[in-house]
Structure formats: structure tokens, C-alpha cells
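This note's numbering puts the first residue of the sequence shown at 715, with every later residue one more than the last.
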Amino acid sequence: MIALALALAAAQETPVDADVAARIAAMTPAEKAAQLQSKVTQSSPDLPAYDYWNEALHGLSRNGMATVFPQAIGLAATWDAPLMERIGTAVSTEARAKYNALSGVDRKRYQGLTIWSPNINIFRDPRWGRGQETYGEDPVLTGTLAVGYVRGLQGPDPEQPRVIATPKHLTAHSGPEAGRDSFSVQTSPHDVEATYLPAFRQALTEGKAQSVMCAYNGIHGVPVCAADWLLNDRVRRDWGFTGFVVSDCDAIGNIAHYQRYARNNAEGSALAIGAGMDLNCGTGFAGLDKALAEGLTDQATVDRALGRVLMARKRLGDAFGTKSRWDSIRPDQVGTPQHRALALEAARKSIVLLENRGVLPLKAGARIAVIGPNADSVDVLQANYHGTAVRPVTPLAGLTARFDVRYAQGSTLADGVPVVVPATAFGDGLNAQFFADPDLAGAPMGTAKHRTVDFDWNRAPPLPTLPDNRYGVRWTGTIAAEGPGEHVLRVDIPRCWDACTGRDAARLWIDDQPVIADSGDGKGIEVRYTFADTKPHRFRMELAHRSEDEGIRLTWVAPAAAQRERAVAAAQDADAVVAFVGLSPAVEGEALQIEVPGFSGGDRTDIGLPAAQQSLLEAVKASGKPLVVVLLSGSAVAMEWAKANADAVLAAWYPGEAGGTAIADVLDGTANPSGRLPVTFYARTRDLPAFVDYNMRERTYRYFSGTPLWGFGHGLSYASFGYSAPSGPASVQAGETITVTARLTNRGKRAGEEVAQAYLIAPDALNRIGSFNDPVLRHSLVGFQRITLKPGERGTVRFTLDPRRLSTVDVAGNRAVRPGEYRLFIGGGQPGQAAGSELRFTITGEQALPK
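Spelled out as C-alpha cells, the structure:
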């Protein structure tokens, strides 16, 4: 037995102890295959059943109440790695709290300790709907934030991690969503080394993530989950990774069924496990038994993978009778005041002030018109891959607590896309009754007053006395139209999509006449209904919840002209207009079923602001009142008109549970904005290469030769900062580390937090990567640092640049520190776009760096 343990350890460079080796040796091939799939149903006293699939992109996801932080792209806009570590600590504490509360219970999906986050793919194109899940377009920003989050998730002890983090999706994965199961990326060795791999390298070598996920796509025809050069050679040999590799879900089955790289699952499983892929999300590895029988793989290879996976479970304290130092974390550690305060801090720091023509901050108590389809919607706070926020604060709620507000929804998101029926339609609100019986029999268990029907009840029932999979709700009150005419009414129930126990049903009556009657099959859930007037009409709606469906929203598409007229009337009765526009998880996200102008399958076909919202902005601007535009989205939106005509523009992303409070804090000056863009805001769709083109020429700030609306790293403050000339060596030998400092002064009248950024500008000969069609490098971020200064205060920022930060990548993908005359710009944004100054220095000699 000891010999087997030693053989396993030598084969994989991962210590496998005698307990794990003994368990592996006692398993049949079929049992081994079952243990290498994400849902392990076989159990024994020392190896209980376990589901590896859990998510925590910006808070613990899909498992009831949890602290919901800003979406990942918003966290990236903080440019704050220490904050990311604190958030990771909070998230993993909540994961442990929920896990410990279920001791002795067969846990469901999203209740384990193997967290499939963060998503550190490079956001190379704003059309990708899942770009919201990433840390933006730059490898250094992405990698540095990933290291912070991974360290926070896993905790200080690698032998007893709080949870195991899983950076994903390795690699070159960023859309299109359509065809992602079979898409093969064609890209250059330079782009792989310079753009697509660095953040993963940093997350694994510096962050010490104990797991990593391989992606759906192939590279040059080879599925990445079966790419020996990537998993065995680069990740394990070159980077020294000793954890386990998990596939994206069903990626192993895709090797045969979509990518046609193997004849069947047995062959696909053998290719993947031989290439270094250990754990299959899905059932494709059921083919391992057949692969062994046919000699497509061998026991040693399967045992190596199983050793990696089971040792991870043992370190977590989940198997083999082990305990964890984190077993004492209690259920009351979920949604604590400290975690809520952290969510507010993150939301404040994520807000980017793009333009300000003197209108901000607004005066406390000012009379403002709050308009726009994103002003009062919970899904715009929570984005995708989210938990259920305990007390979400929408922008409307946040501003109403601070200002004298007139509210009008104003428009839909885009042509044919429903939005939540606004509170203005329901008069004094709706009376809600909650029942233990989905059929609403018996007396109500409780009541409440609701402004809208917009609820995320994913494993989080509306009353704590109700089970999460069985209850009924009835709403009664009145509903009034925005204007006479045809409305599209839709009951939107986020459906459980896997291993579902049934479906929820909903019914709706207006003036006691049935309007919607959905039995749970999804049919009859949307109707066209004509209101003859704008008077209140009797309203009743019922939900029968008897499944793992995840909540309910009542949405509509109202007559556009009537909605705009209400917004204009609100603007005319206000001192200023704050318009909440942008996108939502209904139109950008993972594999969505949407085909409307500008949007397709979760991706975008046009990066401009949708026409309905553009018309709304122009209409309220014509009122002559100051216009503040707040963009809520998961990606860059081309807003040329807003840049030219609005009095202020902010990007607030999908800001999490405290988003409304954070936005109010910035608008009234309680908080000084300090966020910076993690992506380029292009002016128009035609500035972009083809979406399917993964070569980096004319992509991201590093290679884009045009003029953006707002550049990567841009962000304004209510303070202003000036930089002195940096101090550092005049020359350095290749292979040495250099330290550069710069002094900066707050020249404004308010305290503020500056994000100092360092960009390396290589010699011209190294900037042109190859031929005419290859990318031309402009400059690259090599460091960043936050610093808080009072009015008139001076401070120092320090950047220590190791050889990797001083290196360049040639056309063949070779990374080296190369000789020449270099410049290092340190300032509040990119060279030529922000205040700052340069240091010139020479690198002598040359040193090749490892992959």
C-alpha cells in the first residue's frame, strides 16, 4: 500500500497519503469513474456522497441568502486587490457556515466547498455576454485581483483551506455563446502567452489555487480539456501546479459529440484524463470504465487523477474522518453587518465617474427625477451567478432615502424586452399573503406589503417558517397602465434547469378576469393585454411554489410614448434628472434564449445603448434640466450621445445588494468616486474586429489604435491629483528587479482615493510583434496602487517590477527581458489620457523567462 502511495505521488507531484491510496486500491474501475464525476452519489462512512459543483463569483451563489457583492466586472473596477482578499474571506466564511449547518445531511448542488470561481478569462470583446463575470481586459489587473480573491477564499493554510478556489475557464474562452460547445479558437503563440495565459499563471503560482477549470472550446482544433501541451506541460510542468483540474460542465462529452475529436465518451475520457484533466463536471467520465477495458487508458493514469481529487476532499475535512479548523464557523456568519458593510464599500469603490461638468455632487435633499428601466430592479443589482440578497437596495430606494424624488420608468430595456412592472403601477402597493399550501388552502402564515413583484427566492422562502420548496403566495391590490393601449404582460419565473422536481405555476387576474394561467409548463406565461385607460384596476396574482424554481417577477412592455411622457413630466417637475440606463442579465449572460435587435443568445450584436433608452435620454434632456446618466451593465456600452450631451456620466455596473446606497453616496458626495475602468469603452461596434477573431490586433487598450469613448483605467474624482517625476534606476541588467517611486499631491478641496497606475512602454522595435497583420503593442499595465490623500496632502506610491513585469513576448510566444530604451509612465490613467509623468531607463542584456 505504501508503495502505491509513493508511486502515485511520484507520478503527479501531489502527496497522496496511505489512507487515500488504500481507498483507491480497493475501488473497482466503475467506482473510480463514479468518484471522478462532479456528483458523487456513492458513499461510505469515511467517504460520503459529495457534489463538487459550487459557485461564488461575487458572493456565495444559488444556495439561499448570502451577501451579494458587485458583479465581478464591478469588483474589477475597484482596482483593489486587498479588498478582493477581504471579500474572498467573507464569501468562503459564508460557504463554510452553510456547509457546517448541514452536517450529516446529504448536501445538494451549491452546498459544497469546491468553489468554481473566479472567472479570469480576458474580456477581449464587449459583445461577450459573460464578460461581466471577468476582471476585465488586462492580464495584470485580472491576475492580481484573482490572486487576492483566491487567497481570501482558500484562507491562510493550504493544508486546511476554508474552501478550494477554481479559476476558470482555461483558456482563450470569451464567446460567442452560440456554438461554445464546439468552437475552436484560432490564435497566435504570441497572444496565448501575452494575453490568454498570464492571469491563470499568476492565480496558480502566486495565488496557489488548488483547482482550475478547463474550458469548452478548443485551440487549433484540440479541445483544451484534452490538450496535453496545456494541462500536463504548461500548467503542471512549467507552473508546478499540484491541484486538480475540473472540466467545464459536459465538456468531456463535447469532445466526442460536438468537437468530433473522439469517437465516443470512452475515447474522449481517455484523451482528457491522459492530458491531465482529473474531475468531470457531468457524466462523460462514466466512459472511463470502458476506456480501461479497451486499453485506451490505464489504471495508473486514473489513480493519479483520483489521488489529486480525493486529497483535496481530505484537506477540506470532508472525507476520511478528517476535521477542519473551520468546522466551528456558525450559520449566523451569513449576511453579517460586517459583510454588508464590505458589500457597500466594494460598491462605492466600483463606481466610475466618467464625465462631470460640474453638476456632481448633487445637493442633499435636491428635487430629482429618477427615471430609466434599471432604476428599480433586483436582477440589475444581483447580475448572474448570485446568491439571494437579504436586504437589496435598488437605486430608486437609495435615492429616495436621500433626495426628493419623482420616479418614472421611462422605457423598456430594448425592443421587445420586458421590464419589471414599476411600483407606480400599483398605487399604494400590493398586499401579500403567504401560505404553507401551494394551493393557498388554509389560513395565511404571514402577510407583507410589496411595492412590486420582483423576488429572488432561490432556496430562500419569503418567510423563514416556510420550507424552500413548498408554499403559496397571493398578491392583491390595483394595477394602472402607463397609458392606454396594448401591453405585453409576462410572469417571469427563473426556472430550475437541472435535476428539477417540478415546476411552479402562476395565475393573474385583472378586474377578476383571468389573464394568465400557467400550470407550470411555461405555456401561457405571457399575454398581450389592452388597457383602455390609466385608472386603477383590480389586481390579483398567485404563485404555487412546489419545486426548485427560483422566484417570480411580473414584467411588462408598456406603450413607449406613454412611458416617455411620464418621464418628461417627472423631469419638468425636478431640479435635475438621474437616468438609470444600460443592460441587464435578461439580455447579456450565459447562453440566453434571446433574439432581439442588438442581442443574440446572451451576446450583443451592437454595443450601443438600445434605441428605446436612447430616445428616453434625448426626451428628458430636452426638458432643459441637468442630466446625470448612470450606466448599469456588465460591459462597456457605446454612449457617444451621453458623453456629448449629459452633464455627468457614471458606470455603476451590477453593483450588488448595497448598490442603491452606494450610488446615492456618490451622487450626494458622501463618497468620493474612485473606480477605474477595467475595460475599454469603444465608440461604436464597427471599431471592433469580428467577434469570432481571437487574435488581439485592434483589441483592448494594449493593441487598439483608434480613439475610445473612455479608455481602460479612466475614472474621475471630486478631488484632483498631480504627480511628480518618478524616481528609479537609469539602467538595469536583464533579470534584475527594479523599484520605482512617485510622489503625488491632492490638489483638490476634498479627500480622495487615487488609483496610481504604472504602464511600461517598450522600445518601438519590440512593440510591433510580427508582420503587418500581427498586433502592435502600445503600452502595458505593470502595476497599480490605491492611495488616500487629504486636501493638500502628499504621498508616495512604490512599484516593484520583477523580470516578468519588465518582459515582452515575441511572435513565437517566447517571453524574455530584452535590451533597449524603456519608459515607465506613472499616473492616474494611461499615458496621454491622464495626469502623470515618465521615467526613462535602459535594460542591458537579455534573459529568457519560463512559460
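C-beta atoms are modelled at their ideal positions from N, C-alpha and C, and glycine is treated no differently.
What's the C-alpha gap between residue i and residue j?
{"i": "GLY1316", "j": "ASP1093", "result": "15 Å"}
{"i": "TRP842", "j": "ASN833", "result": "14 Å"}
{"i": "ARG1508", "j": "ARG1018", "result": "56 Å"}
{"i": "PRO881", "j": "VAL1310", "result": "32 Å"}
{"i": "ALA1288", "j": "LEU827", "result": "51 Å"}
{"i": "ASP871", "j": "ARG1029", "result": "10 Å"}
{"i": "PRO743", "j": "GLU1412", "result": "50 Å"}
{"i": "VAL1229", "j": "ARG1120", "result": "31 Å"}
{"i": "GLY1156", "j": "ALA1146", "result": "15 Å"}
{"i": "ASP852", "j": "ARG838", "result": "9 Å"}
{"i": "VAL1135", "j": "ALA1326", "result": "17 Å"}
{"i": "GLN726", "j": "VAL960", "result": "Caution is warranted here: a pLDDT of 43 is assigned to GLN726, below 50, making its placement in the model unreliable, and the coordinate value is therefore given only provisionally. Computed Cα separation, rounded: 16 Å."}
{"i": "ARG865", "j": "PRO912", "result": "17 Å"}
{"i": "VAL1496", "j": "ILE1065", "result": "23 Å"}
{"i": "LEU1566", "j": "VAL1301", "result": "Because the chain spans 715 through 1565 in this model, residue 1566 falls outside it and cannot be assessed."}
With DSSP collapsed to three states, give me the class of residue i.
{"i": "ARG1649", "result": "As displayed, the chain neither begins before 715 nor continues past 1565, which places residue 1649 out of reach and without an answer."}
{"i": "ASN1460", "result": "strand"}
{"i": "GLY1101", "result": "coil"}
{"i": "ASN1624", "result": "Here the chain comprises residues numbered 715 to 1565, so residue 1624 is not present and cannot be evaluated."}
{"i": "ASP1118", "result": "strand"}
{"i": "GLY1541", "result": "strand"}
{"i": "ASN835", "result": "coil"}
{"i": "GLY1199", "result": "strand"}
{"i": "LYS1357", "result": "helix"}
{"i": "PRO1136", "result": "coil"}
{"i": "CYS1214", "result": "coil"}
{"i": "SER1441", "result": "strand"}
{"i": "LYS882", "result": "strand"}
{"i": "GLN751", "result": "strand"}
{"i": "ILE738", "result": "helix"}
From the DSSP output, read off the bridge partner residues of residue i.
{"i": "THR1192", "result": "ARG1252"}
{"i": "GLY1497", "result": "ALA1472"}
{"i": "SER758", "result": "LEU761"}
{"i": "TRP1223", "result": "PRO1228 and ARG1254"}
{"i": "ARG1267", "result": "ASP1168 and ASP1206"}
{"i": "HIS1569", "result": "Residue 1569 lies beyond the stretch modelled for the chain, which goes from 715 to 1565, so this question has no answer here."}
{"i": "PRO937", "result": "GLY932"}
{"i": "ALA1146", "result": "ALA1162 and TRP1189"}
{"i": "VAL987", "result": "Val is not the amino acid found at residue 987; the sequence shown has Ile there. None, per the DSSP bridge assignment."}
{"i": "TRP1424", "result": "PHE1395"}
So, are the CB atoms of residue i and residue j less than 9 Å apart?
{"i": "VAL1380", "j": "LEU1110", "result": "no"}
{"i": "PHE1498", "j": "LEU855", "result": "yes"}
{"i": "GLY1338", "j": "THR1108", "result": "no"}
{"i": "VAL1187", "j": "PRO1178", "result": "no"}
{"i": "LEU774", "j": "VAL1048", "result": "yes"}
{"i": "SER1431", "j": "GLY1383", "result": "no"}
{"i": "SER1445", "j": "THR1455", "result": "no"}
{"i": "PHE1395", "j": "LEU1423", "result": "yes"}
{"i": "LEU1144", "j": "THR1190", "result": "yes"}
{"i": "VAL1202", "j": "PRO1132", "result": "yes"}
{"i": "VAL936", "j": "CYS928", "result": "no"}
{"i": "ILE1557", "j": "ARG1532", "result": "yes"}
Please classify residue i as buried or exposed, where buried requires at least 16 neighbouring CB atoms within 10 angstroms.
{"i": "PRO1564", "result": "exposed"}
{"i": "ASP1225", "result": "exposed"}
{"i": "LEU722", "result": "Because the pLDDT of LEU722 is 43, which lies under 50, any placement of that residue in the model is unreliable, and the number read from its coordinates should be weighed accordingly. The residue in question, LEU722, is buried, as its Cβ has 16 or more Cβ neighbours within 10 Å."}
{"i": "ASP1478", "result": "exposed"}
{"i": "GLU873", "result": "exposed"}
{"i": "CYS1214", "result": "exposed"}
{"i": "HIS934", "result": "exposed"}
{"i": "GLU1575", "result": "Residue 1575 lies beyond the residue range present for the chain, which begins at 715 and ends at 1565; the question has no answer from this structure."}
{"i": "ALA717", "result": "Unreliable positioning characterises ALA717 in this predicted model, as indicated by a pLDDT of 45, which lies under 50. A coordinate reading is not provided."}
{"i": "ARG1280", "result": "buried"}
{"i": "ALA1439", "result": "exposed"}
{"i": "LYS1063", "result": "buried"}
{"i": "LEU816", "result": "exposed"}
{"i": "SER757", "result": "exposed"}
{"i": "GLY1265", "result": "buried"}
Could you tell me whether the Cβ of residue i comes closer than 9 Å to any Cβ of chain C?
{"i": "ASP1153", "result": "Among the protein chains of the structure shown there is no chain C, as only one such chain exists."}
At a cut-off of 8 Å, would you count residue i as near the ligand MN, judging by its Cβ distance to the nearest heavy atom?
{"i": "PRO729", "result": "Here there are no bound small molecules, and the ligand MN is not part of this structure."}
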